[in-house]
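Taken in sequence, the protein lines are chains L and G.
Sequential numbering of the first sequence, starting at 1, is according to UniProt numbering.
Sequential numbering of the second sequence, starting at 1, is according to UniProt numbering.
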Amino acid sequence: MKRSEEELEQQLQQWYQQSRQQNAMPEAVKKQLTAQIAATSQPISGWQRLIPWMLQLLSWRNIQALTAVVALGVGWQLLHQQHTYYQISQTLDVYPVQVHQLTTQEAAGLPTAVTAATVQRQALFQQKYQDYLQASANHKTQRQLIVSRQFSDEDGWHLDICQQMQLQLTSEWLAEFKLQRQWTEPQWQQLQASEWLQVTTGAEGQILALQRSEQPPNCAP
Amino acid sequence: MGWKQISGRLGLTKADSQQWMTDYQQTGDQVLLAKLFTLHADALYFFLLRQSNAELAADISQQSWLKLLEQRDQFQGGCSFKTWLFTLARNALLDEFRQQQRWGLTEITEITETTLFPATDANPAEQQLAAQQQQQQLDLAIQQLPLLQQEALLLQLEGFSLAEIALIANSNAETVKSRLRHARTMLASLMEEKP
């Protein structure tokens, strides 16, 4: 660890200890809370027994909201990879995090054996892929937005939309996108180095194009 | 035994929390709950305060402890008690943000460029003043971090491991590691020494 890093670490520890000490829970709040907790933790009877159950329902809803993956578009088959699909999933965190990734047939929950359902689903994906191609050419369904690069790492690109949404483009997805769009290495490196990007999306939120942007995102106050 | 009496004279260690919670689940003994509250209330309040305000931090603290009471049977011991408590609190805070449609759009505060690590030939009074300024600067710089990075940093400084932070933040250890790395890079950049 470099000296400056060590010093920053030391500063951080010091800041945390001091700041936490200076910002302890106010005594009045603490007293009120302890009294409330003590009262609530008394044994309960009758209809009051229903309260924990009702609260559990609420918490279940919370858990669902946090962990459920909302599929925006199931996916569509890519040109070169018969068993790989472009999948968009969205999870709710501090703000929504939308992940664009490639997923295999198995990971997408598709049966590997050729059954009627498989064939039907393959047809659906073929259709989705046709829609994807069409959307790429149809400017009416396209939407453009400027995003900032939060950081890039081995997992892919982490992009931010005005601190209201995060986009994650996985490295596998990027590799396939680069291949499909026939980016040359210098062009790709320029894109990779760009702090702001213009993202063009189709009707289902699928990314159709990525370009460098000279302008930062226009975030409303 | 009253709550006031308990809080003042407990010899508290983190390692005991798990056992206290398990015992509380079995016995419903309020003394155990009081011990847990005394040990963790301030840390939780500070975590919430840094990401909201005094009123909301108190409110979410209250919600979290009440939730803990209601859901005490759900604690399986798969993670530490503190991790569980912070996860409950974070979920409650997110719910509140969603209701208020607050997504962490914090105003960016301009940071005055000053030296992070000043020369050491200043007199003690000057050194103390410089140290205070650094703390204030660091405080402002931390406020400027993106919320998820700030959250990961606060949790790490509180002593949580990568795996525990990932659990609390509903993420994975690699992403948390990236958030922490980028938080430090951004802090270093914000606090960079003047040429």
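C-beta: ideal position from N, C-alpha, C; glycine also.
>> Along the chain, where does the alpha helix (DSSP H) containing residue 37 of chain G start, and where does it finish?
In response: In the second sequence, the residue the question calls residue 37 of chain G occupies position 37. DSSP places residue 37 of chain G in the uninterrupted alpha helix (DSSP H) bounded by 30 to 51.
> Quick one: which chain G residues come within Cβ less than 8 Å of residue 178 of chain L?
Replying inline: Walking along the first sequence from the start, residue 178 of chain L turns up at place 178. At a beta-carbon threshold of 8 Å, none of the residues of chain G lie near residue 178 of chain L; the nearest stands roughly 21 Å away.
> Where does residue 157 of chain L sit, in a helix, a strand or coil, going by DSSP?
Replying inline: In the first sequence, counting from the first residue as 1, residue 157 of chain L sits at position 157. It is a strand residue.
> Ordered along the chain, which non-local residues of its own chain (more than five positions away) have a Cβ less than 7 Å from that of residue 177 of chain G?
Replying inline: Taking the second sequence and counting its residues from 1, one reaches residue 177 of chain G at position 177. So the list reads 162, once near-sequence residues are dropped.
>> Excluding the 5 residues flanking residue 143 of chain L on each side, which residues of the same chain have their C-beta closer than 6 Å to its C-beta?
In response: Mapped onto the first sequence, residue 143 of chain L falls at position 143. The beta carbon of residue 143 of chain L sits closer than 6 Å to those of 201, all from its chain and outside the five residues before and after it, given in chain order.
> Would DSSP call residue 182 of chain L helix, strand or coil?
Replying inline: Numbered from its first residue, the first sequence carries residue 182 of chain L at position 182. Secondary structure at residue 182 of chain L: coil, using DSSP grouped into helix, strand and coil.
> By the criterion of Cβ-Cβ separation under 8 Å, what are the contact partners of residue 134 of chain G in chain L?
Replying inline: For this step, residue 134 of chain G is matched to residue 134 along the second sequence. Simply 11.
> Assuming residue 152 of chain G contacts residue 179 of chain G under a Cβ cut-off of 8 Å, what Cβ separation, rounded to an integer in Å, is found between them?
Replying inline: Counting from one through the second sequence, the residue named residue 152 of chain G turns up at place 152. Counting from one through the second sequence, the residue named residue 179 of chain G turns up at place 179. Confirmed, Cβ separation roughly 4 Å.
> Given that residue 182 of chain G touches chain L, what residues does it touch there, using C-beta distances under 9 Å?
Replying inline: Position 182 of the second sequence holds residue 182 of chain G. Chain order gives the chain L residues near residue 182 of chain G as 150, 151, 153, 158, where near means a beta carbon separation below 9 Å.
>> In the DSSP output, which residue or residues are listed as bridge partners for residue 165 of chain L?
In response: Along the first sequence, read from residue 1 onward, the residue named residue 165 of chain L stands at position 165. L:161, per the DSSP bridge assignment.
> Nearest to residue 161 of chain L by alpha carbon, out of L:213, L:218, L:174?
Replying inline: Locating residue 161 of chain L in the first sequence gives position 161, where the first residue counts as 1. Its Cα nearest to that of residue 161 of chain L, the residue L:218 stands out among L:213, L:218, L:174.
> Does the beta-carbon of residue 28 of chain L have 16 or more other beta-carbons within 10 angstroms, so that it is buried, or is it exposed?
Replying inline: Along the first sequence, one-based indexing puts residue 28 of chain L at 28. Exposed, since its Cβ has fewer than 16 Cβ neighbours within 10 Å.
> For residue 15 of chain L, which of G:164, G:58, G:132 has the nearest alpha-carbon?
Replying inline: Counted from its first residue, the first sequence places residue 15 of chain L at position 15. Per the Cα distances, G:132.
> If we cut at 8 Å on Cβ distances, does residue 41 of chain G have a partner in chain L?
Replying inline: As a position in the second sequence, residue 41 of chain G is number 41, starting the count at 1. Closer than 8 Å to some Cβ of chain L, the Cβ of residue 41 of chain G qualifies, so yes.
> Should residue 158 of chain G and residue 47 of chain G be called a contact, given that it needs their Cβ atoms to be closer than 8 Å?
Replying inline: For this step, residue 158 of chain G is matched to residue 158 along the second sequence. For this step, residue 47 of chain G is matched to residue 47 along the second sequence. Closer than 8 Å, so yes.
>> If the criterion is Cβ atoms closer than 8 Å, does the pair residue 39 of chain G and residue 17 of chain G meet it?
In response: Taking the first residue of the second sequence as 1, we reach residue 39 of chain G at position 39. Taking the first residue of the second sequence as 1, we reach residue 17 of chain G at position 17. The answer is yes: Cβ separation under 8 Å.
>> Which residue wins for smallest C-alpha separation from residue 21 of chain L, given the options G:42, G:52, G:24, G:33?
In response: Taking the first sequence and counting its residues from 1, the one referred to as residue 21 of chain L is at position 21. Sorting G:42, G:52, G:24, G:33 by C-alpha distance to the C-alpha of residue 21 of chain L places G:42 at the top.
> What separation, rounded to the nearest whole angstrom, lies between the Cα atoms of residue 74 of chain G and residue 190 of chain L?
Replying inline: For this step, residue 74 of chain G is matched to residue 74 along the second sequence. For this step, residue 190 of chain L is matched to residue 190 along the first sequence. A straight line joining the alpha-carbon of residue 74 of chain G with that of residue 190 of chain L spans about 51 Å.
> Just checking my contact of residue 168 of chain G with residue 37 of chain G at CB under 8 Å: how many whole Å lie between their CB atoms?
Replying inline: As a working mapping, residue 168 of chain G is identified with position 168 in the second sequence. As a working mapping, residue 37 of chain G is identified with position 37 in the second sequence. 19 Å between Cβ atoms; not a contact.
> Taking residue 61 of chain G as the reference, which of G:27, G:31, G:96 has the closest Cα?
Replying inline: In the second sequence, counting from the first residue as 1, residue 61 of chain G sits at position 61. It is G:96.
>> Can you confirm whether residue 34 of chain L, when its beta carbon is compared against all beta carbons of chain G, has any partner nearer than 8 Å?
In response: Locating residue 34 of chain L in the first sequence gives position 34, where the first residue counts as 1. Cβ-Cβ to chain G under 8 Å: yes for residue 34 of chain L.
> Mind checking residue 181 of chain L: buried by the 16 CB within 10 Å criterion, or exposed?
Replying inline: Locating residue 181 of chain L in the first sequence gives position 181, where the first residue counts as 1. Taking a 10 Å sphere around the C-beta of residue 181 of chain L, we find fewer than 16 other C-beta atoms and assign the residue as exposed.
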